Amino acid sequence: MPLEGEYQPSPAQWVREQVELYESSGGTRGTTLRDTGLPVVVITMRGARNGRIHKVPLMRVEHGGRYAAVASKGGHPSHPDWYFNLRANPGAELQDGPERRDMTAREVTGEERETWWRRAVAAFPPYAEYQEKTDREIPVFVLEPADPDGPADSPAPAAD
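Numbering (our numbering), first residue to last: 12 to 171.
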């Protein structure tokens with residue numbers, strides 16, 4: 012079920028523009044990160060403090076119908092705001108191209124985090140540089156289908 016409520020666009024102009032292009036085209040335009048050509052998804056979530064709807068484009072890291080959301084913030088010393096939103100409200104909507112799915116996010120740790128981290132770095136190599144720039148361990152969430160009987164459901168494969 013899609014998240015409902017008041018939408019609060021990002022204060023970052025490029026994020027606002029990318030989300031608008033992605034959504035207004037039905038997921039056929041704005042599907043890559045700026046000039047990199049690398050694919051992104053749009054994640055819709057509820058704000059931790061204000062309860063408003065927030066949307067953010069993130070690198071597409073998909074495996075077996077599940078997706079990673081990497082809270083890198085370019086290697087900044089603090090977590091991105093959306094990190095706190097997903098921690099407080101794990102129900103999210105993910106748009107991958109034209110497909111929208113209701114997902115549940117959970118932060119992963121240990122071996123599972125390492126497996127997803129490798130997948131994320133393979134999809135977007137700058138993540139490794141971002142980790143070197145910061146003292147914090149960059150958090151990784153896994154977004155899984157909220158409806159286990161939905162079309163995005165597939166068995167969770169073991170580590171690569």
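Backbone N, C-alpha and C fix where the C-beta goes; we use that ideal spot for every residue, glycine too. From a predicted model like this one, the values you see are computed outputs, not experimental measurements.
Reduced DSSP secondary structure (H/G/I, E/B, other) of residue i
{"i": "P168", "result": "Any reading at P168 must be qualified, since the residue scores a pLDDT of 40, below 50, and its modelled position is unreliable; the value itself is stated next. Three-state result, P168: coil."}
{"i": "G86", "result": "helix"}
{"i": "E143", "result": "helix"}
{"i": "E34", "result": "helix"}
{"i": "P162", "result": "Only weak support exists for where P162 lies, its pLDDT of 45 falling under 50; the coordinates are left without a value."}
{"i": "P13", "result": "coil"}
{"i": "E28", "result": "helix"}
Residue from the options with nearest C-alpha to residue i
{"i": "G121", "options": "E148, A134, T55 and K144", "result": "E148"}
{"i": "T47", "options": "P22, R60, P137 and T126", "result": "P137"}
{"i": "K66", "options": "N96, T39 and R40", "result": "N96"}
{"i": "R77", "options": "E104, T42 and H87", "result": "E104"}
{"i": "L14", "options": "G102, W93, W25 and P50", "result": "G102"}
{"i": "F135", "options": "L44, K144 and P20", "result": "L44"}
Rounded distance between the beta-carbons of residue j and residue i, thought under 8 Å
{"i": "R117", "j": "F152", "result": "6 Å"}
Residue i beta carbon near the ligand COA (any heavy atom closer than 6 Å)
{"i": "L97", "result": "Ligands are entirely absent from the displayed structure, and the ligand COA is therefore not among its contents."}
Let me know the alpha helix (DSSP H) ranges lying completely inside the segment 50-132, each 4 residues or longer, listed in chain order.
-> 92-99
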